[in-house]
Each structure stands twice: as structure tokens, then as C-alpha cells.
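Written below as C-alpha cells is the structure these notes are about.
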Amino acid sequence: MTTQLLTTSQQDLEKAARLIRGGGLVAIPTETVYGLGANGLDPEAVRRIFLAKGRPSDNPLILHIHDAARLPDFCREVPDAARLLAERFWPGPLTMILPVRDLVPKRTTGGLDTVGVRCPDNDATREIIRLAGVPIAAPSANTSGKPSTTTAAHVLHDMDGKIDAIVDGGPCRVGVESTIVDLTAPVPRLLRPGGIGPEALKALLGELEYDRAVTGEVAADAVVRAPGMKYKHYAPAAEVLIVEGSAEAAARYVRAHFEPGDAVLCFAEELPCFAGLNPTAYGREADPASLSAGLFAALRRLDDGQVRRIFARCPSGGGVSVATRNRLLKSAGFRTVNAETKPSPSGEGAEQSEADEGASGRGTADGQ
Ligand code: TXA
Ligand code: MG
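If you count by our numbering, then the sequence shown holds residues 24 to 391, one letter each, in order.
This is the structure:
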């Protein structure tokens, strides 16, 4: 199949909506990442999403709606908390898990009796949903296991020939996926940190629990509430190791362990510290939104087959940085090393590197 490239002109949005109504696959821009969209009420169309991504079929999809008023169409119960959250954060990077109505196929929900719903903050995509007259089921538009796509070029790289069209809405503003909150749990539960910081959710809800998939590595056979959290994610071909501590300590550590084929992923402010160590900046430490916006694009740039190992610097702090940290930890398989407490061997190169990486923090909490 030939993958058409569409713009956000009204004519192209109508074309995209027609493709969706006809059971096709269309990549759609959102404020978080690009989505791989199909009619969420058509099991056959939804099946094609799983095929194109190579995604395990037990991993449910998020339904995208163009207007919060549509929530009761697909959810059996809409508690006050959901209305409050929708009013405050929609359109925006928040997905709510609610009890699902029978009209939503099992293929979409991965067989669960709940569904994730979100109203994205992107005019073109909301217009496509409105024109299509159906909710759009969309996972991130990447090959399963790879970093999510934040530009149309990324989508084309992963999906060329596998989907009907890509609507190019420019680079995604937020750059990490939506925050997922489960409102069917006794206490609202954070299943995935994302574009909305957990503090803002908690302030509105009063209470918020963190699922353990958020804070640590989850075994592949574990029962987790967001099935997607148990799979390997965001992983470039290169091995990723997170180096914690001051820029100076981290640079000393990397310098002592650096080998040909290694690279550094760091904050723009730290580029001088890592001079000569093949550094790439993904944003500015002083501007956490630039880090979330730049992370996946940078991981993809480094995923060129030449880079063997990536030493990565990870932001601290709340808000969207909780999500940036979570995605980096996942791409690293939760391997971290603290450069302050693991001083580098003075000038003798890399003998310690294997041991250091092996000893590093499986299950390291990502903050909260
Ligand atoms: O920002 C986003 O959320 C993007 C854009 C395209 O909207 N979408 C996205 O979808 O990230 P995806 O499929 O890549 O990630 C959705 C996550 C998966 O981990 C999935 O397991 C979880 O949401 N999920 C979906 N429905 C669920 C449900 N009913 N209960 C628990 N987790 C659910
Ligand atoms: Mg995804």
C-alpha cells in the first residue's frame, strides 16, 4: 500500500476522515505524540492497527474523542472526578480509564471492561474525529517497542507502506504521551506519568496512588493495570545507561568509560562538559518542556546503527519531568549509575564498566 502524506487543509482533513470511516489507518498529530488511528468501533480496522505496529493484542488502545460531551457515549459511568478532570485538562494530555460500554469492541479494549478515553489538544485531529463521526482508537504511531513518533517523518520511517495516510501537523508540542489515570480504582491511580504532572492531578482529585509500573521495572508476566507498561519500551538499538550526579561527576565517569561507538545524551547546558564525547542535547535543563519535547526525536537520531551505547542525563523535578524520567528509565531498562558514589578509576579507562552497569539500579524509583 502507498502511504499518502496529508496536510491539515480542510480538504485533507476530510480525506483523512473518509479513510477512517472506510476502515483505513491514518496517523494523526496530537500535542503529545503522533497516533496511529482507526475507527475505534470497527474491530477489523482496529485489528490492522495491531498488525501495523506489531503490537501484542492484549494491549488496549485509547479512544480519542473531539469533545468531552461524548464521554458518556462510550463509558457506562462518568464519575464527578472524570467531569472535573475533563473540565480542567481537556483538550489535553490526559487519558482517563472508565467502565466501558458494550458498543466498544473487545479488540479496542484488549478484552478489559474499561476503556481509556482522551480528548487531544490538536485542532486538526479533533476536526478529523468530528468529521469521521466515530471515536478514533490510536496508540502511539511507532513500531512496537521503539520510541514514540513526534514528527510526520518519524511516522513515515516506521509506517511507510503499512498505513493509508499520515496527517502532518508538525512536531508535537509535549513530546511524551498522555498521563493515564484510572478512575475505576477505589483511589484514583496513576498508571502512566505524562504531559500533565501528577501534582496537578492530585491537587484536583485530593488523592492519587501510583501504580508500581510507574516507579519500577515490571516483569513481563506481571498483572499490571496498564498492560502496555510491562513491555519493553522506547528502546533504541543502542544500550542506554543513565548517569546521575552533577554534570562534572557525570562527565568524569563517562570520560573514564567511553569507548568508540558510545554517545552522550545530555542537557544543552552540559554540552561543554561532554565535549569530545559525541554529545547530543535533547533540550535545556532549565526548560523541562524542551526536554520532554526533544527526548524521543533525540533517541531516534541516536538510533542510527552506529551508536553502541548511550550515556544519558535525566532531569529531576516534578511536572512533565516525571514522565521524561519514566521514559528514559524505560529506554535504559532501568539501568542507572550514580557518578558521585561510583568514582571513576583515575585515568585507566574502562575495566570497571561491566561491573558498574550490572550493579546499577534495577527497579530504581523514578522520583515518586
Ligand atoms: O498521548 C497518548 O496517550 C498517545 C496519543 C496518540 O494519544 N497514545 C498512546 O497510546 O500513548 P499507547 O497505546 O501507545 O499507550 C496507551 C497505554 C498503554 O500502555 C495501554 O496499555 C494503556 O494505555 N491502556 C489503554 N487502555 C487501557 C485500559 N482500559 N486500562 C488500562 N490501561 C490502558
Ligand atoms: Mg505507545
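Where a beta carbon is used, it is the ideal one built from N, C-alpha and C, also for glycine.
Task: According to DSSP, residues forming a beta bridge with Pro-122 - done: Thr-137
TODO: Check Phe-334 in the structure and name its three-state DSSP category.
DONE: strand
Open item on the list: When you compare the CB positions of Leu-264 and Arg-331, do they come within less than 8 Å of one another, or not?
Closed with: no
Task: Candidates Ala-321, Arg-324, Arg-141, Arg-124, of which the one nearest Gly-134 by Cα - done: Arg-124
Open item on the list: Using a Cβ-based criterion (distance less than 7 Å to any ligand heavy atom), does Glu-200 qualify as near ligand 2?
Closed with: yes
Task: Rounded straight-line distance, which links the Cα of Asp-285 to that of Ala-273 - done: 14 Å
Open item on the list: ligand 1 and Gly-156: does any heavy atom of the ligand fall closer than 7 Å to the residue's C-beta?
Closed with: No, the Cβ of Gly-156 stays beyond 7 Å of every heavy atom of ligand 1.
Task: Element boundaries [beta strand (DSSP E), containing Arg-215] - done: 212 to 215 is the extent of the beta strand (DSSP E) around Arg-215.
Task: Length of the line joining the Cα atoms of Ala-464 and Phe-281 - done: The structure shown does not extend to residue 464, since the chain spans only 24 to 391, so no value can be given for it.
- [ ] Would you check whether ligand 2 has a heavy atom nearer than 7 Å to the C-beta of Pro-162?
- [x] yes
Open item on the list: So for Asn-204, helix, strand or coil by DSSP?
Closed with: Checking the sequence, you will find Val at residue 204 rather than Asn. Reduced to three states, the DSSP call for Val-204 is strand.
Task: Start-to-end residues for the alpha helix (DSSP H) that takes in His-87 - done: Run containing His-87: none in the alpha helix (DSSP H); it sits in the beta strand (DSSP E), 85 to 87.
Open item on the list: Just to confirm, is the Cβ distance from Leu-121 to Val-140 under 8 Å?
Closed with: yes
Open item on the list: Using only CA atoms, which one of Cys-296, Leu-228, Ile-88 lies nearest to Gly-156?
Closed with: The shortest C-alpha to C-alpha distance from Gly-156 to any of Cys-296, Leu-228, Ile-88 is the one to Ile-88.
Open item on the list: Taking only three categories from DSSP, how would you classify Ser-32?
Closed with: coil
TODO: Just tell me which of Ala-279, Arg-235, Val-190, Ala-312 has its CA closest to the CA of Arg-290.
DONE: Correcting the residue identity first, residue 290 is Phe in this sequence and not Arg. Comparing Cα positions, the closest option is Ala-312.
- [ ] Would you check whether ligand 1 has a heavy atom nearer than 7 Å to the C-beta of Gly-317?
- [x] no
Open item on the list: For Gly-306 and Leu-314, what's the separation of their Cα atoms in angstroms?
Closed with: 4 Å
Open item on the list: Can you tell me whether Asn-349 is helix, strand or coil according to DSSP?
Closed with: helix
TODO: With hydrogens ignored, establish whether the beta-carbon of Pro-143 is closer than 7 Å to any heavy atom of ligand 1.
DONE: A distance criterion of 7 Å places the beta-carbon of Pro-143 in contact range of ligand 1, judged by its closest non-hydrogen atom.
- [ ] Would you check if there are 3 or more beta carbon pairs closer than 8 Å linking the segment 173 to 182 to the segment 50 to 58?
- [x] yes
Task: Extent of the continuous alpha helix (DSSP H) to which Glu-67 belongs - done: 66 to 76
Task: Under 8 Å between C-beta atoms of Pro-114 and Arg-71 - done: no
Open item on the list: Less than 7 Å separating the Cβ of Ser-269 from some heavy atom of ligand 3?
Closed with: In the structure on display, ligand 3 does not appear, and the ligands it does have are ligand 1 and ligand 2.
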